[in-house]
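Only one structure is covered here, and it is reproduced in the block below.
In our numbering, the protein residues as written are 399 to 689.
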């Protein structure tokens, strides 16, 4: 076996081992958090029957339109060659054609489900020259690249712990576990003003598992942090997602949100195909409506 092939296979085995170890570490940390919570919580985790802390038997819905202003760090590996690019939010904004982001959540007592679709369409215009004959001047042609992307998160959650903050009956800390999936749909169209106009579409679904912690810092200010991991070779090889936000309650029904989100994915397009590594990260802001 050629030495280069042996080295490549060794690197692949080490990468798989590292990802497996990362998953084990994350799951161990989640287990420690849950165990510590249960030991410290005791009977205090049971919801109070009075005041604003009481849990009703009716469904509660939350609708949150939001905006994510990300930077995209990408790495593409084809045939042993790497290409790394960084696309800033100003680059995205300059070529943005359409976008929409919405988080929907429904909860009844301890259980609930969520749906989070995000859509983005970019369009960039330019020109290119192709010289077939060195004695004939190249003719410039218009070039338009259209890029569309859907990322849709879906799943359910279960509240494993709830306890008051200090002696307050209106300020709480809650811990949820969650599971579901993240659907990716990516399409790139290249219009070259000729008969050759290539189009490429990829789509896949990643299973995800994670946890979410929410705390009332004051009667108005809240803090929420969520993390999940997934992929596991089902869709992508590996993916992780982390969100941390602060919220301010303008009323019982409206809360403003401001924070930061990072989403990573390692995806390989078939056997022997290109490998994509992408980290999307940046500030996030939104407005949550409860009804």
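Note that the Cβ used here is the ideal one computed from N, Cα and C, for glycine as well.
Computed from a prediction, not measured in an experiment: that's the story for all the values here.
Status (buried if at least 16 other CB within 10 Å, exposed otherwise) for residue i
| i | result |
| --- | --- |
| residue 492 | exposed |
| residue 594 | exposed |
| residue 592 | exposed |
| residue 506 | exposed |
| residue 634 | buried |
| residue 646 | exposed |
| residue 675 | buried |
| residue 438 | Since pLDDT at residue 438 reaches only 37, below the 50 mark, its modelled position is unreliable, and no value is offered. |
| residue 452 | Model confidence at residue 452 stands at a pLDDT of 42, short of 50, so the residue's coordinates are unreliable; what they give is reported in the following sentence. Exposed, because fewer than 16 other Cβ atoms sit within 10 Å of the Cβ of residue 452. |
| residue 384 | Coverage of the chain is limited to positions 399 through 689, which leaves residue 384 absent and any answer about it impossible. |
| residue 523 | exposed |
| residue 457 | exposed |
| residue 444 | For residue 444, the predicted model reports a pLDDT of 36, less than 50, meaning its position is unreliable and no value from the coordinates is stated. |
| residue 560 | buried |
| residue 639 | buried |
| residue 481 | exposed |
| residue 540 | exposed |
| residue 636 | buried |
| residue 598 | exposed |
| residue 629 | buried |
| residue 643 | buried |
| residue 619 | exposed |
| residue 520 | buried |
| residue 653 | buried |
| residue 658 | exposed |
DSSP state of residue i mapped onto helix, strand, coil
| i | result |
| --- | --- |
| residue 667 | coil |
| residue 533 | coil |
| residue 560 | strand |
| residue 633 | coil |
| residue 642 | strand |
| residue 651 | coil |
| residue 660 | strand |
| residue 439 | Note on residue 439: pLDDT 41, under 50, position unreliable in the model; no value is reported. |
Limits of the beta strand (DSSP E) - the one that residue i falls within
| i | result |
| --- | --- |
| residue 566 | Counting along the chain, residue 566 falls outside any beta strand (DSSP E), and DSSP gives it neither H nor E. |
| residue 472 | 469–476 |
| residue 466 | 458–466 |
| residue 691 | This structure leaves residue 691 out entirely; the chain is present only between 399 and 689. |
Proximity test, residue i beta-carbon vs the ligand COA heavy atom, cut-off 8 angstroms
| i | result |
| --- | --- |
| residue 590 | The model depicted lacks the ligand COA and carries no ligand whatsoever. |
Interface flag, residue i vs chain C, CB-CB below 9 angstroms
| i | result |
| --- | --- |
| residue 580 | The displayed structure is made up of one protein chain only, and chain C is not part of it. |
Exercise. Which whole runs of the beta strand (DSSP E) in the stretch 586–631 are 3 residues long or more, in chain order?
Worked result: As for any beta strand (DSSP E) of minimum length 3 sitting wholly inside the stretch 586–631, the runs are 597–614 and 619–628, ordered along the chain.
Problem set entry | 4 or more residues per run - each alpha helix (DSSP H) lying fully within the stretch 481–557 | If only complete runs of 4 or more residues are kept, the stretch 481–557 shows the alpha helix (DSSP H) at 487–493, in order along the chain.
Exercise. Does the pairing of the stretch 566–575 with the stretch 536–546 give three or more beta-carbon distances under 8 angstroms?
Worked result: Touching, no.
For this session: Determine, using beta-carbon pairs with one atom in the stretch 546–558 and one in the stretch 506–520, whether at least three such pairs fall under 8 angstroms.
Result: The stretch 546–558 is in contact with the stretch 506–520.
Exercise. For the 8 angstroms Cβ check, are there 3 or more pairs between the stretch 554–568 and the stretch 579–590?
Worked result: Segments in contact, no.
Exercise. Does the count of Cβ pairs from the stretch 460–469 and the stretch 493–503 closer than 8 angstroms reach three?
Worked result: Cβ pair count under 8 angstroms is three or more, so yes.
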